[in-house]
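Reviewing the structure listed below.
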Amino acid sequence: MASSQDSHADRPVNRLAEETSPYLLQHVHNPVDWFPWGPEALEQARELDRPIFLSVGYSACHWCHVMERESFENEKIAELLNRSFLAIKVDREERPDIDQVYMNAVQLLTRRGGWPMSVFMTPDGRPFFGGTYWPPTASMGMPGFSDIVTHVAEAWNTRRDELEQAADELADAVKRVGEVPRGPGPGEPLNTGLLDHVRKQLLAAGDTRHGGFGNAPKFPHPMDVRLLLRCHRRFGDDACLDQARLTLDRMAGGGIYDQLGGGFHRYSTDAVWLAPHFEKMLYDNALLVPAYLEGFAATGCQRYPEIVRETLDWVLREMTSPEGSFYATQDADSEGEEGKFFVWSEQEVKAILVESRGESDAEAFCYCYDVTADGNWENTNILNRPKPHDQAAAALGIDEGELATTLAACREKLLEVRSGRVAPDRDDKVLVAWNGMMITAMASAARTLEEPRYRQAAEAAARDIWQNIRDDDGRLGHSTKDDQPRFPAFLDDVTCLLDGLCELARDEQGDEFRKSAVELAEQLLTRFGDPEAQPPDLPGGFYFTADDSEALIARYKHTSDNATPSGNGMAATALLKLFELTAEDRWRDAAVDCLVLMSSQMAQQPLASGQALLALDDWLDSSSGSSSD
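Add 166 to the 1-based position in the sequence shown for the working numbering, that's all there is to it.
This is how it looks when you write it as structure tokens:
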């Protein structure tokens, strides 16, 4: 997409010019006098005694781009913000700690969340009003951003005491959001009974027609799909296998999957997996690979390893740095339109394929991939496979093998043509947590599929991070862009990389990675642990931020999965792997302590606890995992 940065390159730059985040740099020519989050901005707000307007987003976010074009490029709105507020722009992928604290505030205020996130707060960082996307003027039942800015400024000047009181109350509520019930509740010991209870809840929440969980919008839920497969193995419940397979099949055949280039888009806007939100995130694809690998192990379906290979090959082709680590995201937009890079007209598809393959192959492709003159989405076509391969072959009167060969050749030709289009922007910063997930995915795929190149890719990424995203004392960092490490590591960085290192250490050539894993686990216990914990009565788990990180208005122990696994769920998973590698009881004990912390949540909110439940399943399978509490 042509960014506003490009279209307004003749404008003066603001304070974001010194940043490395692609998202922040997209706003560098805005007339808004943006500050990056940091001591200078917060000190300025206090000195000027101005409320702060905080805007949080990320580079692949479609509605972030929309709000920038509509509001942050608007001279009048910019003037309102500059006159009455201290405006701060944050990349949520660089500062997930800030994002989580203020997202909790927005959700408490509005019962919903999302990005762009817009928060008004006191000069010392206490929020009092917020929301997500607002149009520049009132429309579609939403208030206009210009009116909101005006009214908040007036309220600050005329009713400041009320806003200060509201900020105090909201800040207290935000702190309470992070309070986790400690210890197992009655009837919730860490045994197979808990998994059996969860099994029933997962099945009740599943969409038995289209796969997945819930209705539109529909997210992949890879940890929960894996949990269904584990429950089938443990309890012999065919319903769990059926639901998992239905979900894997429908996602692989849907528009949420890039049928030409491989890799999954963020989520489906509908219930049938057809129309995705077109951004591609490294973490979604990293988390879906193990789901398809476990699906392959459970079913023998040969389509699943194909999906894994296509997904990982996309990562190697388009998302891998020269140093070996993996980039963060691919944008949803190109040329100012969401999805333009990925969609096709029937006329375009037939013209390309008739010339290269002949009319019969073109007709077969259009039939199999749901390409019609009217289109299946906004008068155009998202490639998807609504019909099983055998049914399509029978309907066309073509041998299944011959049809597969034909479709592969057609996909290759269309991919070649698509590569000449204006591609979506790519956020090429390296996030340690997401890299850790992809290292695990690559290493697991290498082992299961006997593909050494994936092992080589995992090793290269791990070495790049270990050598280049640590400080002089060996402390892990959070991210890097253009070889500039940024920000100290968060819990997810440590635990996800630890998991990847342990996965690499499982093989004979893994001594290098085993040593690194032990060193990293030491950082986990010393820097992120709870010094007030007194297991087993007062289990600790781990905080999201290190003990010497910047203090925000709340410090959380993340126990709920969102798009990515919870930090404590991943800690339990990785520490159990490390215990298997080293036989040191302290790693197992720390893992179990995490599970005890999350046990009540596992029972009550299984769809938010998939990673922790997978760790519980691992623990029960280990020699130390019994039916005790």
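Here a beta-carbon is modelled for each residue, glycine too, at the ideal position from N, C-alpha and C. Here the structure is a predicted model, which is why all the values come from computation and not from measurement.
>> Using 8 Å as the threshold, is the C-beta distance between residue 598 and residue 649 below it?
In response: In this structure, the beta-carbon distance from residue 598 to residue 649 does not fall below 8 Å.
>> Beta-carbon within less than 8 Å of residue 579's beta-carbon, same chain only, minus the 5 sequence neighbours each way: which residues are those?
In response: Taking C-beta separations shorter than 8 Å and ignoring five residues to either side along the sequence, the partners of residue 579 in its chain run 518, 519, 522, 523, following chain order.
> For residue 510, which beta-bridge partners are listed by DSSP?
Replying inline: Partner(s): 547.
> Counting along the chain, where does the alpha helix (DSSP H) carrying residue 258 start and finish?
Replying inline: Judged by DSSP secondary structure, residue 258 falls outside any alpha helix (DSSP H); it is assigned neither H nor E.
>> If distances are taken between C-alpha atoms only, which option among 696, 667, 609 comes closest to residue 684?
In response: Comparing Cα-Cα distances from residue 684 to each of 696, 667, 609, the minimum goes to 667.
> With burial defined as no fewer than 16 other Cβ atoms inside 10 Å of the residue's Cβ, what is the status of residue 325: buried or exposed?
Replying inline: Exposed is the call here.
> What residue does the beta strand (DSSP E) around residue 622 start on, and which one ends it?
Replying inline: Note, residue 622: premise wrong, no beta strand (DSSP E); alpha helix (DSSP H) at 618–634.
> Who are residue 222's beta bridge partners in DSSP?
Replying inline: Answer is 256, 283, bridged to residue 222.
> Less than 8 Å separating the beta-carbons of residue 663 and residue 602?
Replying inline: Yes, Cβ-Cβ distance for residue 663 and residue 602 is below 8 Å.
> Distance, Cα to Cα, residue 351 vs residue 387?
Replying inline: Bear in mind that a pLDDT of 44 at residue 351, under 50, signals an unreliable position, so the number given afterwards is only what the model happens to contain. So the two alpha carbons sit approximately 26 Å from each other.
> Considering only C-alpha positions, which residue in the set 591, 626, 724, 554 is nearest to residue 469?
Replying inline: Nearest C-alpha to residue 469: 554.
> CA-CA distance, residue 312 and residue 772?
Replying inline: For the pair residue 312 and residue 772, the Cα-to-Cα distance works out to about 41 Å.
> Where residue 729 and residue 677 are concerned, what is the direct C-alpha to C-alpha distance, given to the nearest angstrom?
Replying inline: Taking the straight line joining both Cα atoms gives about 32 Å.
> Going by DSSP, what residues sit across from residue 654 in a beta bridge?
Replying inline: In DSSP, residue 654 forms a bridge with 643.
> Which of helix, strand or coil does DSSP assign to residue 499?
Replying inline: Collapsing the DSSP output to three states places residue 499 in a strand.
>> Quick check on this structure: which residue in 696, 473, 600 has the alpha carbon closest to the alpha carbon of residue 260?
In response: Distance check between residue 260 and each of 696, 473, 600 places 600 closest, using alpha-carbon atoms only.
> Short check: CB of residue 415 to CB of residue 377, under 8 Å?
Replying inline: In this structure, residue 377 lies closer than 8 Å to residue 415 by Cβ.
> Cβ atoms of residue 459 and residue 485: under 8 Å apart, would you say?
Replying inline: Not a contact, by the Cβ cut-off of 8 Å.
> Tell me the DSSP bridge mates of residue 120?
Replying inline: A query on residue 120 cannot be resolved here, the shown segment of the chain reaching from 167 to 795 and no further.
> Between which two residues does the alpha helix (DSSP H) carrying residue 293 extend?
Replying inline: Residue 293: not part of any alpha helix (DSSP H); member of the beta strand (DSSP E) spanning 293–297, first to last residue.
> Are the CB atoms of residue 536 and residue 545 nearer to each other than 8 Å?
Replying inline: No; because the gap between Cβ atoms is not below 8 Å, this pair is not in contact.
>> Within 10 Å of its beta-carbon, does residue 625 have 16 or more other beta-carbons around it, so buried, or fewer, so exposed?
In response: Looking at its Cβ environment, which holds 16 or more other Cβ atoms inside 10 Å, residue 625 is buried.
> Under a Cβ-count criterion, where at least 16 other Cβ atoms within 10 Å of its own Cβ denotes burial, should residue 525 be classed as buried or exposed?
Replying inline: Exposed is the call here.
> Relative to the C-alpha of residue 720, which residue among 268, 280, 481 is closest?
Replying inline: Residue 720 has its Cα closest to that of 268, out of 268, 280, 481.
>> To the nearest angstrom, how far is the alpha carbon of residue 775 from that of residue 242?
In response: C-alpha separation (whole angstroms): 45 Å.
> Between residue 548 and residue 440, is the Cβ-Cβ spacing less than 8 Å?
Replying inline: Their beta carbons are under 8 Å apart, which means residue 548 touches residue 440 by this criterion.
> Could you give the C-beta distance for residue 476 and residue 421, rounded to a whole number, given that I count them as a contact under 8 Å?
Replying inline: Between residue 421 and residue 476 the Cβ distance is about 15 Å, and since that is not below 8 Å, they are no contact.
> Since residue 179 contacts residue 247 with CB under 8 Å, what's their CB separation in whole angstroms?
Replying inline: Actually they are not in contact, since the Cβ atoms of residue 179 and residue 247 sit about 17 Å apart, beyond 8 Å.
>> Going by C-alpha to C-alpha distance, which of 585, 778, 256 sits closest to residue 509?
In response: Of the listed residues, the one whose Cα sits closest to residue 509 is 585.
>> What does the Cβ neighbour count give for residue 256, buried or exposed, with the cut at 16 atoms within 10 Å?
In response: With 16 or more other Cβ atoms within 10 Å, it is buried.
> Which residues bound the alpha helix (DSSP H) around residue 578?
Replying inline: Residues 566–584.
>> Using CA atoms only, rank isn't needed, just tell me which of 655, 613, 618, 619 is closest to residue 632.
In response: Per the C-alpha coordinates, the member of 655, 613, 618, 619 positioned closest to residue 632 is 655.
>> Restricting to Cα atoms, I'd like to know which of 204, 497, 423 is closest to residue 188.
In response: Here the closest residue by C-alpha is 497.
> What are the start and end residues of the alpha helix (DSSP H) that includes residue 734?
Replying inline: Here the alpha helix (DSSP H) through residue 734 covers 733–748.
> Contact between the stretch 355–373 and the stretch 758–768: three or more CB pairs below 8 Å?
Replying inline: Output reads yes: the stretch 758–768 touches the stretch 355–373.
> Between the stretch 587–596 and the stretch 500–514, do three or more beta carbon pairs fall short of 8 Å?
Replying inline: Cβ pair count under 8 Å is three or more, so yes.
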